[in-house]
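Reading through the structure tokens given below for one structure.
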Amino acid sequence: VQLRDWATAAGPWLPLAFFAAHVVVTVFPFPRTAFTLAAGLLFGSALGVAIAVAASTVSAVIAVLLVRAAGWQLDRLVSHPRVESLDAWLRHRGWPAVISMRLIPAVPFSVLNYAAGVSAVRLLPYTLATLVGLLPGTAAVVILGDALTGRVNPLLVLVSLCTASVGIAGLIYEIRRHRRQHRK
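Following our numbering, the numbering of the sequence shown begins with 23 at its first residue and continues without gaps.
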């Protein structure tokens, strides 16, 4: 509660400064959970979710662009028919995989960003899939951060389990679909 009072007293620039720090730091392999929890703790659920999701999405896009600017591409790094097939699949159907992976809390944020950067996933579908996929889990962690101020929401565990289940189911579906198409 004291931190939230401090954040309110710090003025209107604190959310913007927090957003910028979140973007810059999480482009690199730094756990974004610290920022997500802090967003809930400092700004409450509504503003915290908006800041954390927007900053994470911008960070993810910057990471992809940096990897691509470095010239790292899957087809250049590994030359194998299966890798080429996977890369082609990601070019056309990468967004369901990105959404699914974003819904699974155990998938490291930066690793997925870098993997998407070397793949042929198109940027706009990647960005939208990242935004959609980050929203439920990020909201749950922000709400947890908000709960640290004394407001406990019992739906946190349920939200996390549901989003992880949907993410795993979506990923399994896409893998099976890819395998069926690859066999043909």
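Cβ coordinates follow ideal geometry from the N, Cα and C atoms, glycine included.
The model shown is predicted, which means the values in this text are computed figures rather than measured ones.
Reference residue i; option with closest CA among the options
i	options	result
R144	F65, L153, P158, H114	H114
C184	P51, I126, L59	I126
A186	R205, R124, S67, L146	R124
T171	H204, L63, I121, L150	L63
L59	A42, T149, A162	A162
P37	T55, A72, F52, T48	A72
Classification of residue i by the beta-carbon crowding that lies within 10 angstroms, buried from 16 upward
i	result
V133	exposed
A39	exposed
S81	buried
A138	buried
L180	exposed
F131	buried
L146	exposed
A21	The first residue shown for the chain is 23 and the last is 206, placing residue 21 beyond what the model contains.
Straight-line Cα distance separating residue j from residue i
i	j	result
D168	V75	15 Å
H200	R90	24 Å
A142	F65	37 Å
R202	A128	27 Å
G155	A31	33 Å
V164	L157	10 Å
F57	S78	9 Å
W28	W35	13 Å
S67	H44	17 Å
L150	F50	21 Å
Determine contact between the region 191-203 and the region 74-90, defined as no fewer than three beta-carbon pairs at a distance below 8 Å. Contact between the region 191-203 and the region 74-90 is absent: fewer than three C-beta pairs spanning the two stretches fall below 8 Å.
If you scan the region 75-99 from start to end, which runs of the beta strand (DSSP E) of 3 or more residues do you find wholly inside it? For secondary structure counted as the beta strand (DSSP E) over 3 or more consecutive residues, the region 75-99 holds no complete run.
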